[in-house]
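Asker: Numbers given in the numbering used here equal positions in the sequence shown, counted from 1, plus 1.
We put the CB at the ideal spot given by N, CA and C, even for glycine.
Please see the structure below; I have some questions.
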Amino acid sequence: MNRAVTILLAIPLALPLLAQPAATNTQRDQRLAWWRDARFGMFIHWGLYAIPAGEWKGQPVPGLGEWIMNHAQIPVAEYEQLAKQFNPVKFNADEFVAVAKNAGMKYIVITSKHHDGFAMFGSKVSPYNIVDATPFHRDPLKELSAACQRAGLRLCFYYSQTQDWHEPDGVGNTWDFPDASKQNFQKYYDEKVLPQVRELLTNYGPIGLIWFDTPRNITLEQSRQLADLVHKLQPDCLVSGRVGHNLGDYDSAGDNQISVGKVKRDWETPVTLNDTWGFKKDDHNWKSTTVLIRQMGQVASRGGNYLLNVGPTAEGVIPQPSVERLAEVGKWMKTNGESIYGTTASPFPYEEPWGVITAKPGKLYLHVFQWPGKEFVVYGIESKVKQARLLTGGAPLALRQQHHADSGLDELRIATPADAPDASDSVIVLEMDGGVRVTTMLLQQPDHKVTLPAYLSEVHHTAANAQLRFDSRGVVERWLDTGEWLSWDFQLSEPARYDVVAITSGQKYGKDWEGGHRVTVNIAGNDVRGLIGDDGKLDNPSNPYWPYVVSKLGTVEITKAGKQHVTLVPQQIVAAKKFGLTLVSIQLVPKGS
Ligand code: JFZ
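Dropping the structure here:
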């Protein structure tokens, strides 16, 4: 009730502030239709930074390749010289587009101008651009526009609207322009950003979306002006979430961050194939094809888009390890694409232990990462399943559905081949009789384990300054106060003795982790007191940059099946590093398994 009232009030209050009426939901739905259908796109980070490729004056520069000017504090006068050498003669727009198309990608987002300020297109606004400042003299965005139209892919542009290390009035270059009081961001914005965005939307045919980035301290007015300009010039062009002030048509997750849990808005996650966006010659840490295919499924199962990056070299070539992996993903897509394109999120609020689920009207796609052998069991599907079959082909699979009247549990058993049809992701499609109905309550799973994800807990607090929240991975952050605690309800089918385990998360790139907290887990009237200590690491393939830590808290005997209530109350939280209790989930694992 409260919520409805807030919304009704918010709309009339917001209207007078808008230069023109905000997009209605229908307009936005229409704009998003192709993008929701696409689910998979190619990101291209390409610019002058491909020349140093992670090395400056013989020294490797740590961090992202496209950030080298910033990390090595290269003066504008020196960095500019790179333009004179930039001659990517091996660049072939049709080849780039073919790599994307063969991977099953439906759109391409290329850096038209990154934070270094160099335009990768012919611009009348600034001579610091690929046509006027390099011996190459060609406009790769023009060539890509034509190639995308030939191949039926959508071309989209990344544009860094606040950071511009080339301009005295842009954000970020504190080594050449240390005096912040002399800066006039509005001037840079009016004289470079708006006119260049206008060029991008006027000279390159229909553009799918503009991927703005790092809004920093952009004002509401400026974000709005940018979004309005895009929509005025090309009403069908989408604006990314990082335009600032929630004015995008969809949200961006943090880089390489796969969202879980209820994501309310349309969202996309940008992911690197190795550990950099712009090319670095010494970065060989390539993600495996299996990780890529599974991440894509995971993102689709949460209703999002997967934007996978390549970083071409200074010669204009996509690195071979990237080409190979994308071809392998494409091979999987040729057989299994219908389980990704045009799908919506899983109807279950939680992730299954064996993989993920995507949906279409009357259909569920079970993406099985952990192949079970000869029998596959799924709990919680209430609607009648007409048919189950593998997307790799073959006759329909024998199935049996049972409703256990005592527990209310719906059980689906499918006879499966002994060996996984696909090593990365074998997809079983279920065709329903009518719509899809599932049990949304947390259930003990067929592998006998119970997982209570933090993002599905109820949050309670007595603390005056409660600040616990969830990051987009569904992991708790800012749990620093013992006045905040969590609870869950779940359905247990097998009374037994269980190990109680807590999973917590390290910081990005495994840089840090905070433990030593004391907690009490109460299950079925029993208190389990334990320490959040480091009892081992857990593989975290969906978010490989964040290591998981396992803590064994104790054991509990549960004597009755049925609905259970669990609370997790911290007795002591160590918060010296301000990470606190970074809970991912509590798990119950049958003793001795
Ligand atoms: C930004 C850029 O700085 C980077 O160079 C690259 O282009 C990437 C795609 O986007 O970096 C970010 C922006 C936002 C987050 C992380 C990195 N974030 O929200 O977590």
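Compute the distance between the beta-carbons of LEU195 and CYS238, then report whether it is under 8 Å.
Answerer: In the sequence shown, the residue the question calls residue 195 occupies position 194. In the sequence shown, the residue the question calls residue 238 occupies position 237. No.
Asker: In the DSSP assignment, find the unbroken beta strand (DSSP E) run with SER552 in it and report its ends.
Answerer: Position 551 of the sequence shown holds residue 552. SER552 -> beta strand (DSSP E) spans 549 to 559.
Asker: Tell me which same chain residues have a C-beta within less than 6 Å of the C-beta of GLY249, skipping the five on either side of it?
Answerer: As a first step, residue 249 is located in the sequence shown; it is residue number 248 there, counting from the start. Cβ within range, chain order: VAL240, SER241 and GLY242.
Asker: Going along the chain, which unbroken runs of the beta strand (DSSP E) with 3 or more residues stay wholly within the region 24 to 58?
Answerer: As far as the region 24 to 58 is concerned, its whole beta strand (DSSP E) runs of at least 3 residues are 41 to 45.
Asker: Any idea if VAL430 is buried or exposed, counting beta-carbon neighbours within 10 angstroms, 16 or more meaning buried?
Answerer: In the sequence shown, residue 430 corresponds to position 429, counting from 1. Looking at its Cβ environment, which holds 16 or more other Cβ atoms inside 10 Å, VAL430 is buried.
Asker: Rounded to whole angstroms, what's the CA-CA distance from GLU352 to ASN544? Just pull it up for me.
Answerer: The residue given as residue 352 occupies position 351 in the sequence shown. The residue given as residue 544 occupies position 543 in the sequence shown. Approximately 14 Å between the Cα atoms of the pair.
Asker: When the Cα atoms are used, what is the spatial distance from GLY593 to TYR499?
Answerer: Indexing the sequence shown from 1 puts residue 593 at position 592. Indexing the sequence shown from 1 puts residue 499 at position 498. Going from the Cα of GLY593 to the Cα of TYR499 covers about 9 Å.
Asker: If you measure between the beta carbons of THR568 and ASN527, is that distance less than 8 Å?
Answerer: Here the question's residue 568 lines up with position 567 in the sequence shown. Here the question's residue 527 lines up with position 526 in the sequence shown. Contact: no.
Asker: Assign ALA360 to one of three DSSP states: helix, strand, or coil.
Answerer: Within the sequence shown, residue 360 is the residue found at index 359, counting from 1. Strand.
Asker: Can you give the Cα-Cα distance for PHE178 and VAL550, rounded to whole angstroms?
Answerer: Numbered from 1 along the sequence shown, position 177 holds the residue referred to as residue 178. Numbered from 1 along the sequence shown, position 549 holds the residue referred to as residue 550. C-alpha separation (whole angstroms): 43 Å.
Asker: Enumerate in chain order the residues of its own chain whose CB-to-CB distance from GLY245 is below 7 Å, with the five nearest sequence positions on each side excluded.
Answerer: For the purposes of this step, residue 245 is identified with residue 244 of the sequence shown, where counting begins at 1. If we look at GLY245 and ignore the five residues flanking it on each side, its Cβ neighbours are PRO216, ILE219 and SER224.
Asker: My guess is that TYR307 and PHE41 are in contact by the Cβ rule of under 8 Å, so how many angstroms apart are they, rounded?
Answerer: Numbered from 1 along the sequence shown, position 306 holds the residue referred to as residue 307. Numbered from 1 along the sequence shown, position 40 holds the residue referred to as residue 41. TYR307 to PHE41, Cβ: 5 Å. Contact.
Asker: Over what stretch of residues does the beta strand (DSSP E) that includes PHE87 continue unbroken?
Answerer: As a first step, residue 87 is located in the sequence shown; it is residue number 86 there, counting from the start. Neither: PHE87 is in no beta strand (DSSP E) and is coded neither H nor E.
Asker: On the DSSP letters alone, give me the boundaries of the alpha helix (DSSP H) that PRO294 sits inside.
Answerer: Residue numbering aside, residue 294 sits at position 293 when the sequence shown is read from its first letter. The question names Pro, but residue 294 is Ile in the sequence shown. Per DSSP, ILE294 belongs to the alpha helix (DSSP H) from 290 to 302.
Asker: Are ALA467 and GLU485 touching if we call contact CB-CB under 8 Å?
Answerer: Position 466 of the sequence shown, counted from the start, is the residue given in the question as residue 467. Position 484 of the sequence shown, counted from the start, is the residue given in the question as residue 485. Contact flag set, yes.
Asker: In the DSSP assignment, the beta strand (DSSP E) including MET70 goes from what residue to what residue?
Answerer: Mapped onto the sequence shown, residue 70 falls at position 69. That residue, MET70, is in no beta strand (DSSP E); its alpha helix (DSSP H) goes 69 to 72.
Asker: Expressed to the nearest angstrom, what Euclidean distance is found between the alpha-carbon atoms of ALA54 and ASP38?
Answerer: Reading the sequence shown from its first residue, position 53 is the one you call residue 54. Reading the sequence shown from its first residue, position 37 is the one you call residue 38. If you take the alpha carbons of ALA54 and ASP38, they lie about 35 Å apart.
Asker: So HIS368 and ASP426 are supposed to be a Cβ contact under 8 Å. How far apart are they, rounded?
Answerer: As a position in the sequence shown, residue 368 is number 367, starting the count at 1. As a position in the sequence shown, residue 426 is number 425, starting the count at 1. About 5 Å; that satisfies the 8 Å criterion.
Asker: Which partner residues of GLY60 appear in the DSSP bridge assignment?
Answerer: Reading the sequence shown from its first residue, position 59 is the one you call residue 60. According to the sequence as given, residue 60 is Gln; it is not Gly. The partner list for GLN60 (beta bridge, DSSP) reads TRP57.
Asker: Shortest alpha-carbon distance to ASP191 belongs to which of GLY209, GLY171 and VAL357?
Answerer: Residue mapping note: residue 191 aligns to position 190 of the sequence shown, counting from 1. Nearest C-alpha to ASP191: GLY171.
Asker: What do you reckon, are the CB atoms on LYS385 and MET433 nearer than 8 Å?
Answerer: The residue given as residue 385 occupies position 384 in the sequence shown. The residue given as residue 433 occupies position 432 in the sequence shown. Yes. Within cutoff.
Asker: Let me confirm a value: THR135 is counted as buried when at least 16 other C-beta atoms fall within 10 Å, else exposed. Which label applies?
Answerer: The residue you call residue 135 lines up with position 134 of the sequence shown. Buried: at least 16 other Cβ atoms inside 10 Å.
Asker: Three or more beta-carbon pairs under 8 Å between the region 559 to 567 and the region 310 to 321, yes or no?
Answerer: Touching, no.
Asker: Sorted by chain position, which residues of the same chain lie with C-beta nearer than 8 Å to MET121's C-beta, five sequence neighbours on each side aside?
Answerer: Here residue 121 refers to the residue found at position 120 when the sequence shown is read from its first residue. Around MET121: TRP47, GLY48, ILE111, THR112, SER113, LYS114, ASN130, ILE131, PRO141 and LEU142.
Asker: Roughly how many angstroms separate the alpha carbons of VAL330 and ASP30, rounded to a whole number?
Answerer: One-based indexing of the sequence shown puts residue 330 at position 329. One-based indexing of the sequence shown puts residue 30 at position 29. The alpha-carbon atoms of VAL330 and ASP30 are separated by roughly 29 Å.
Asker: Do GLY48 and the ligand JFZ come close, with the Cβ less than 7 Å from some heavy atom?
Answerer: Within the sequence shown, the letter at position 47 stands for residue 48. For the ligand JFZ, not one heavy atom lies less than 7 Å from the Cβ of GLY48.
Asker: Whose C-beta lies closer than 7 Å to the C-beta of ILE294 among residues of the same chain, with five residues either side of it excluded?
Answerer: Residue mapping note: residue 294 aligns to position 293 of the sequence shown, counting from 1. Excluding residues within five positions, the ones whose Cβ falls inside 7 Å are VAL330, TRP333, SER425 and ASP426.
Asker: Can you tell me the Cα-Cα spacing of GLU67 and GLY304, whole angstroms?
Answerer: Taking the first residue of the sequence shown as 1, we reach residue 67 at position 66. Taking the first residue of the sequence shown as 1, we reach residue 304 at position 303. So the alpha carbons of these two residues sit roughly 29 Å apart.
Asker: Taking 7 Å as the line, does the beta carbon of GLU316 fall inside it for any heavy atom of the ligand JFZ?
Answerer: What you label residue 316 is simply residue 315 of the sequence shown in a count that begins at 1. False, no ligand heavy atom lies under 7 Å from that Cβ.
Asker: For ALA399, count the other beta carbons within 10 Å of its own beta carbon; 16 or more makes it buried, fewer makes it exposed. Which is it?
Answerer: The residue given as residue 399 occupies position 398 in the sequence shown. The residue in question, ALA399, is exposed, as its Cβ has fewer than 16 Cβ neighbours within 10 Å.
Asker: Buried or exposed: TYR510, going by 16 or more other Cβ atoms within 10 Å of its Cβ?
Answerer: In the sequence shown, the residue the question calls residue 510 occupies position 509. With fewer than 16 Cβ atoms within 10 Å of its Cβ, TYR510 is classed as exposed.
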